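Those protein sequences? They're chains A, B, C and D, same order as listed.
Adding 63 to a residue's 1-based position in the first sequence gives its number in my numbering.
Adding 63 to a residue's 1-based position in the second sequence gives its number in my numbering.
Adding 63 to a residue's 1-based position in the third sequence gives its number in my numbering.
Adding 63 to a residue's 1-based position in the fourth sequence gives its number in my numbering.
There are 4 protein chains.
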Amino acid sequence: MKQLRIGMIGYKFMGKAHSNAYKTLPMFFPQALKPEMSVLCGRNAEYLQEAATRLGWQDTETDWKELVTRDDIDLVDINAPSNVHKEIALAAAKAGKHLFCEKPLALSLADSREMLQAAEEAGVLHMVGFNYRFSPAVRLAKKLVESGRLGKIHHFRAWFLQDWILDPEFPLVWRLQKEIAGSGSLGDLGAHLIDLAHFLVGDVEEVIGMSETFIKERPLAAEMTGLTAKGSGGGPRGEVTVDDATLFMARFANGAIGSFEATRFAAGHRSTNSFEINGSLGSIRFDFERMNELEVFLTSDDEDIQGFRRVLATDPVHEYAAAWWPTGHTIGFEHTFIHEVLELSNAIEEGRQPEPNFRDGVKCQAVLEAVERSIEERRWVSLSEM
Amino acid sequence: MKQLRIGMIGYKFMGKAHSNAYKTLPMFFPQALKPEMSVLCGRNAEYLQEAATRLGWQDTETDWKELVTRDDIDLVDINAPSNVHKEIALAAAKAGKHLFCEKPLALSLADSREMLQAAEEAGVLHMVGFNYRFSPAVRLAKKLVESGRLGKIHHFRAWFLQDWILDPEFPLVWRLQKEIAGSGSLGDLGAHLIDLAHFLVGDVEEVIGMSETFIKERPLAAEMTGLTAKGSGGGPRGEVTVDDATLFMARFANGAIGSFEATRFAAGHRSTNSFEINGSLGSIRFDFERMNELEVFLTSDDEDIQGFRRVLATDPVHEYAAAWWPTGHTIGFEHTFIHEVLELSNAIEEGRQPEPNFRDGVKCQAVLEAVERSIEERRWVSLSEM
Amino acid sequence: MKQLRIGMIGYKFMGKAHSNAYKTLPMFFPQALKPEMSVLCGRNAEYLQEAATRLGWQDTETDWKELVTRDDIDLVDINAPSNVHKEIALAAAKAGKHLFCEKPLALSLADSREMLQAAEEAGVLHMVGFNYRFSPAVRLAKKLVESGRLGKIHHFRAWFLQDWILDPEFPLVWRLQKEIAGSGSLGDLGAHLIDLAHFLVGDVEEVIGMSETFIKERPLAAEMTGLTAKGSGGGPRGEVTVDDATLFMARFANGAIGSFEATRFAAGHRSTNSFEINGSLGSIRFDFERMNELEVFLTSDDEDIQGFRRVLATDPVHEYAAAWWPTGHTIGFEHTFIHEVLELSNAIEEGRQPEPNFRDGVKCQAVLEAVERSIEERRWVSLSEM
Amino acid sequence: MKQLRIGMIGYKFMGKAHSNAYKTLPMFFPQALKPEMSVLCGRNAEYLQEAATRLGWQDTETDWKELVTRDDIDLVDINAPSNVHKEIALAAAKAGKHLFCEKPLALSLADSREMLQAAEEAGVLHMVGFNYRFSPAVRLAKKLVESGRLGKIHHFRAWFLQDWILDPEFPLVWRLQKEIAGSGSLGDLGAHLIDLAHFLVGDVEEVIGMSETFIKERPLAAEMTGLTAKGSGGGPRGEVTVDDATLFMARFANGAIGSFEATRFAAGHRSTNSFEINGSLGSIRFDFERMNELEVFLTSDDEDIQGFRRVLATDPVHEYAAAWWPTGHTIGFEHTFIHEVLELSNAIEEGRQPEPNFRDGVKCQAVLEAVERSIEERRWVSLSEM
């Protein structure tokens, strides 16, 4: 009989989202294999214990190396900072554990390939945390594209706009340090857009990008939680080593063309994660700040009433919606994780690879790295180079 | 051969809108009978001459009694304050002139009936200025209702929200004086909603209303233009004798139920003239601040993409649109008057009554007066009483 | 030491929402008194057991009379159909249990008063389930009103529009039967609007309403879940004994005027629960389909950039938001219940009455009943009559 | 005494817009120097005469060479197809006439520079038809940027999306032929975005673009009007020699970064001409389909009510608005031309260069050509190369 005993590393923003997903899944998707919240892992024993109690984990472990070899877990959920993903994943795969890793998979394409290879060689199942795929409205987008109702895709444009570091006095948190985060807006926000492009449009053939770091020095961070932090006042400053904003253009294998923008400097945009697709038969638009909605245009509508419709993806016909509330009653950010964990749970029960998995993580990383190379070398970079 | 030589009384807000309509019509609707801007009439000779030159009228007349009997005009356009509509219309009808009268027709139902009777007895054509019927998006609404695409109508709700007198120091302009304006928000704004209800849903059977004058005294007005005015500072104050806001509910002859709201105290609403209709097969929504748009919902849409579409009524298929600009290029407030004048011009050429005409003006007045009675007597009032 | 051991009656739509709230509270509000999901109660033992397992209840009880006297529970959560609220509440109060009752409190004002009296005499704490008060955006609305930033309130308009019974073949579920539901759109949807009016504007002085049952007979329901149901095909039909739609107008004690509309026949509106408030210094708008947003207009803004702002109430400054996700990451319908349970939990810990409590339930019921009387007697009804 | 006797070449889409502007200007801006609609010029005498009568021109001329040397005109308005702009402008400048030329100035940067030089050497005034600068909402945008209320500009993103040639059977009109139109979406739509970028953000330093022609062959056009046309059915086809869509990224001299997209293949977008600017203190958004609105975000707003406001630029404080209608009453596409002609008229009266003038036309052309070169050579192109 299948089991899903989880050992999770990290308990901040993503750790909370995952914990909530594991805990909530059985209530709304009772038919799914139930995740057991077995062991929570973190370096600081005191904080760890508080988190484990609050989030509902049965046991704790302060050394991830111990965790990944424990007999009583089936899957390692890695939501530690990006710079340690690889080492953990390799060890866990070697120990025969299934893997669920937050995005981006690793700090480099080479590392992410190594992770995929390790997982494949170990024969374990692997998933990567591109949670936005799991919005009901995004599932509807996928359905419309796949069924051909939008026709041939001409345009993809996507932008992930935030403004949380607009203030020059916002401190130098780890997400602004290349050696830990790997990348700034591109890896953090752009990665989601790239995965959505892969999911909805297909493979990217070539890219060219540009980036900017608007604020080059910031106060060192005194402490932080989630995405917020307090600066050290008039204290020492450090260099921002990642991009504040990155733009790139892309050509897709199917002939579509795309534009992408990721920034943390778009005043007024708390978290506008948005895309639009234009096809020969119709168009769709999505904005995560209104995540329950998908705007849909079809050229086949009567000619006097053509226009983008605002579809609230909360009807029983919409994926996941029937498990929640009556039509018109919306869900939120955290539900994408619950649906993600549903896919993880189903895949493990069925013994198949979840979607998206490390292959998708590697594909995303290849585009990220191609964009970075295109920025450094100021030229178009083909994915075939990568 | 038909002619349309116009004598117009009044040259402020509505006079400017009508003048522009007469002047612009031939350029965009060259097939229509061309209105001649013959004589402009007003009491102050100096202001009148300036206005006539600016607006493009060939001649002037300071006494409307002279105007209405002149041989060289075919139609009298009455956009003087509401309290003089009747006297002018009666004299003009007697002189055999066609009539084009701004809304509301008169200060009372009795007066408006007298005007209709006079026009009918004189055998002249008559039009009333419910310009909002002439938005392309409202024409589309009408088409959707009439063709049955919305099914049986259940609900009509309409609100005309402004905020131009929100400031208690805004002066006591004529629109706030019952003896001149006849009514406040109800007659000014509510009248438009009632006409739209008649146009789109049908006859009203009974009503009950409530009203409020939030600011009961205001500074006397020193001077005014259009809807704006300058107060007299610390000077004398006068009583506001009209309603600042009026709400009413209605039952329609066809079984639909309706709610109406007219107010000049809705902070942030410069001129939100909006309605929504819910039928058994679909719904529509309109807001004049986005007058080129109609939102349309149809229950017959595929169940996974149901939602209100934003239709931009600028496609060639939309009434009037082909005469203007390429699709997607919008028009504005003044265009409703140009289309209104097109209907006037066509009707006169064809020797038929324009739509809307004094019958519609009387019908509107009957509802207005029923609402007023219902407010005074605090009871439902049937239109059959009126 | 305070405890919160819950016995809950009912496990359908509301039961699921409450269960999820109890379960999730400790993870996001760890400082709150933790609700224990002790006993779930329902009549059908088989369904009950399945629900208890799925929703995470420790024990079950098929007879609510047993439940309310159990020693091991501190609070009875009543989300059974409205017609049994009273009997349960009286018994539970008598047994010294705290009460948490879904809205509407009872089928009549008299019953709801009896419930309040019973609770007060028993000295227990009591809460009523007006969950919409607990949207962060509604809390922000409250804050803006209370702090005087909107000035004196002139207008309140609210509409709760749904379309789930638009199809004449939708079956005769219990919500369409007066003897069980007490009321139709008015009691189900209008009650929420009335509570929001009380919360945000204050006491209602007098009302007048109208209502309609558009579809008077429907197929008998074969089975149902949540708000959805399957009809009995060509089988027998029964009479719809509640209102499909109800409108009413109101005068508030503070001089504001209001319009209310509740309907289940607004095609395209899955669950549009919306209000707007216009004050002398500003306005606000809310729509539950976009529950994370509040639109705010202030007359004090610079005159060249006045307009309604779309505030996403997910910033740390917004009530509850800091407990959830980083700014810009939205929450959903179910979170209103989690916040509601937070208030319940805090109130019990602090030994004070929760807000809203049975007094609010009674006040709401008084307005509902005044509206019903005004419809029957076709006249304005003062709340002082009730 | 200054005169403004106009000779205009072309009477289709732009000719109609200009004629209406000349005719309407005096009514709404009576203080401005009045344009005389003296001579209309076109090749086909029959069509020309009809157009002159309809549009209100006093005289006609079938040979533009005759027109530009007539004594009785002061200004030549060139709205013929782009490939003849230069020859006409050179001859008109030589004849000492002021110039008003539709965009794009010419088919090449060299040509446009020649035009500017000719105008400067002749000492005539010159204007280029970037009409979107003249929307009141765009003027407000300019004011907000210039006054520093948005702070330092970080991002500019702009997209001009249309869908009028989405249908592969739409015929090969002149706008799809490089030898006449010079460019496709880039020159037609992108040129407007570039001018807005210059107007609102400043000089562009370097660019890189990509483009695509999705439909490479189309039926030959049988006849056409404005942007619409009828195809030749099953007849012969010709090659589309311009771009259907062009994207590019840009770096501005002031450190801002920008993304641009122009396409005629965005299903559902009739004419979405939109931009967003993000600065260190705020952001603005504009969409020409809702041209009366500007969305404005300011970081200085109270922290609990931050959000984009929808400003309706129809208040007296907004440029041009006082000349039109009361607040809340919107204007349309054609009004941008009336305001443009106002600037032309004022500049001529004051003997100064209008804004925008041929210098702006040349600057725009330089960016267009840099983008084209960057596409051909697949590399970043600096404006200093041009």
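Glycine included, each C-beta is placed from N, C-alpha and C at the ideal position.
Just so it is clear, the structure is predicted and the values come from calculations on it, not from any experiment.
Asked	Found
Is the number of C-beta pairs between the region 403–417 of chain B and the region 226–238 of chain B that are closer than 8 Å three or more?	no
Roughly how many whole angstroms lie between the Cα atoms of D:M354 and B:R353?	10 Å
Using beta carbons (cut-off 8 Å, strictly below), is C:D378 in contact with chain D?	yes
Could you spell out where the alpha helix (DSSP H) holding C:L344 opens and where it closes?	Element bounds for C:L344: n/a, residue is neither H nor E.
On the criterion of 16 or more Cβ atoms from any shown chain inside 10 Å, does A:Y85 qualify as buried, or is it exposed?	buried
Between the region 239–252 of chain D and the region 191–203 of chain D, do three or more beta carbon pairs fall short of 8 Å?	no
Using DSSP's beta-bridge definition, name the partner residues of B:V191.	B:C164
Checking the sheet assignment: what are the DSSP bridge partners for B:P282?	B:R300
Just reading off the alpha helix (DSSP H) that C:S408 is part of, what are its end residues?	396–413
Please identify, using Cβ separations under 9 Å, the residues of the region 386–399 of chain D that lie next to chain B, in order along the chain.	W387, W388, P389, T390, G391, H392, T393, I394, G395, F396, E397, H398
Residues of chain D with CB under 7 Å from A:W443, in chain order?	R441
Would you say B:R333 lies against chain D (beta-carbon separation less than 8 Å)?	yes
Output the residue ranges of the alpha helix (DSSP H) runs that lie fully inside the region 178–261 of chain A and measure 4 residues or longer, sorted by chain position.	199–209, 241–244
Just list the beta strand (DSSP E) runs in the region 343–379 of chain D, keeping only unbroken ones of 3 residues or longer that don't cross its boundaries, in chain order.	345–350, 356–361, 370–375
Check D:N146 in the structure and name its three-state DSSP category.	helix
Applying a beta-carbon distance threshold of less than 7 Å, which residues of chain D neighbour A:L310?	M312, I320, S322
Could you pull the start and end residues of the alpha helix (DSSP H) that D:R117 belongs to?	108–118
Answer yes or no: does any C-beta atom of chain C fall closer than 8 Å to that of A:N83?	yes
Just by C-beta distance, which residues in the region 109–139 of chain B are closer than 7 Å to chain D?	R117, L118, G119
Report the residue from A:T377, A:D378, A:E358 whose alpha carbon sits nearest the alpha carbon of A:G370.	A:E358
Apart from the five residues just before and just after B:S408, which ones in its own chain have a Cβ nearer than 7 Å to its Cβ?	L67, L88, A95, L96, P98
Within 8 Å of any Cβ in chain C, is that where the Cβ of B:S248 sits?	no
What are the boundary residues of the alpha helix (DSSP H) that includes C:E432?	421–440
Of all the CB atoms in chain B, is at least one closer than 8 Å to the CB of C:M354?	no
Below 8 Å between beta carbons is the criterion; list the residues of the region 212–232 of chain D that meet it against any residue of chain B, in chain order.	Q225, W227
Note down, in chain order, each residue of its chain lying with its Cβ closer than 8 Å to the Cβ of B:S509, except the 5 sequence neighbours on either side.	For residue 509 of chain B there is no data in the structure shown, the boundaries of chain B being 64 and 449.
Below 8 Å on the Cβ atoms is my contact criterion, and I expect A:F315 with A:D266 to pass it. Report the Cβ-Cβ distance as a whole number of Å.	7 Å
Any idea what DSSP makes of A:G456, helix, strand or coil?	Residue 456 of chain A lies beyond the residue range present for chain A, which begins at 64 and ends at 449; the question has no answer from this structure.
As a quick exercise: from A:N142, A:D306, A:N146, pick the residue whose alpha carbon is nearest that of A:L162.	A:N142
Identify whether B:S175 lies in helix, strand or coil by the three-state DSSP scheme.	helix
Residues of chain A with CB closer than 7 Å to the CB of C:L88, please, in chain order.	Near C:L88 there are no residues of chain A at all, since even the closest Cβ is about 11 Å away, more than 7 Å.
Would you kindly work out how many angstroms separate the C-alpha atoms of A:E165 and C:E269, rounded to a whole number?	57 Å
For B:P25, count neighbouring C-beta atoms within 10 Å of its own C-beta (all shown protein chains included) and say buried if the count is 16 or more, exposed if not.	Because chain B spans 64 through 449 in this model, residue 25 of chain B falls outside it and cannot be assessed.
Using alpha carbons as the reference points, say which of A:E113, A:W237, A:S210, A:N194 lies closest to A:D423.	A:N194
Closer than 6 Å by C-beta to C:L252: which residues in its own chain qualify, once you throw out the five before and the five after it? Chain order, please.	F223, A325
Which two residues bound the contiguous alpha helix (DSSP H) that contains C:T132?	127–132
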